[in-house]
Amino acid sequence: MPTVSVAGKTIEVTEDTRLVLAIEAAGIAIGHRCGGHAKCTTCRVVFAEGEPQTMTKAEHEKLSERDLLGSARLSCQILCTHDMAIAEVPMTLESQNWTDTGPAPEPIVTPEATWYPSADF
Ligand code: FES
Numbered sequence: 252m253p254t255v256s257v258a259g260k261t262i263e264v265t266e267d268t269r270l271v272l273a274i275e276a277a278g279i280a281i282g283h284r285c286g287g288h289a290k291c292t293t294c295r296v297v298f299a300e301g302e303p304q305t306m307t308k309a310e311h312e313k314l315s316e317r318d319l320l321g322s323a324r325l326s327c328q329i330l331c332t333h334d335m336a337i338a339e340v341p342m343t344l345e346s347q348n349w350t351d352t353g354p355a356p357e358p359i360v361t362p363e364a365t366w367y368p369s370a371d372f
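Residue numbers for the sequence shown follow our numbering, beginning at 252 and rising by one.
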């Protein structure tokens with residue numbers, strides 16, 4: 252099974268696990284204020300290793316709109332298909348002083364994913 256490493260912790264996940272949910276399972280109160288629909292960017296992460304070579308259309312559009320393309324990824328739009336290490340989770344319950352992290356993301360990628368290879372980013 253693939254592993255996800257974040258904040259000094261490594262957990263095993265299934266390949267169809269959304270990264271935002273894996274990070275949460277590792278004990279990090281990551282933001283997902285839009286419920287995992289690629290609308291808010293609070294689930295953004297910075298990769299140390301294993302950044303996926305594909306991106307959903309919804310992620311590409313949102314990162315472009317917020318000028319984050321190339322500097323962050325949206326963990327709600329990523330499946331844990333291989334080992335990944337996360338360097339930074341910028342927006343958490345603690346760092347943003349929220350009262351909650353947002354509605355629970357569904358187990359599948361939403362909106363329905365259209366995947367692009369990185370050459371198309
Ligand atoms: S963009 Fe809102 S949770 Fe991912």
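For glycine and all other residues, C-beta sits at the position ideal for the given N, C-alpha and C.
Residue i to residue j, Cα distance in whole Å?
i           : j           : result
residue 304 : residue 358 : 21 Å
residue 270 : residue 318 : 21 Å
residue 351 : residue 344 : 6 Å
What does a CB cutoff of less than 7 Å around residue i pick up in its chain, not counting 5 residues either side in sequence?
i           : result
residue 333 : 253 and 301
residue 316 : none
residue 288 : 361 and 362
residue 275 : 281
residue 356 : 269, 271, 272, 283, 286, 287 and 327
Let me confirm a value: residue i is counted as buried when at least 16 other C-beta atoms fall within 10 Å, else exposed. Which label applies?
i           : result
residue 354 : exposed
residue 265 : exposed
residue 313 : buried
residue 365 : exposed
residue 277 : buried
For residue i, which residues does DSSP report across the bridge?
i           : result
residue 260 : 257
residue 366 : 307
residue 296 : 324
residue 335 : 255
Got a sec? Which residues, its chain only, sit under 6 Å from residue i by beta carbon, not counting five neighbours each side?
i           : result
residue 337 : 257 and 296
residue 293 : 282, 284 and 342
residue 308 : 365
If distances are taken between C-alpha atoms only, which option among the options comes closest to residue i?
i           : options               : result
residue 279 : 310, 339 and 368      : 339
residue 377 : 255, 367, 348 and 347 : Residue coverage of the chain in this structure runs from 252 to 372, which leaves residue 377 outside it and unanswerable.
residue 263 : 290, 322, 324 and 335 : 335
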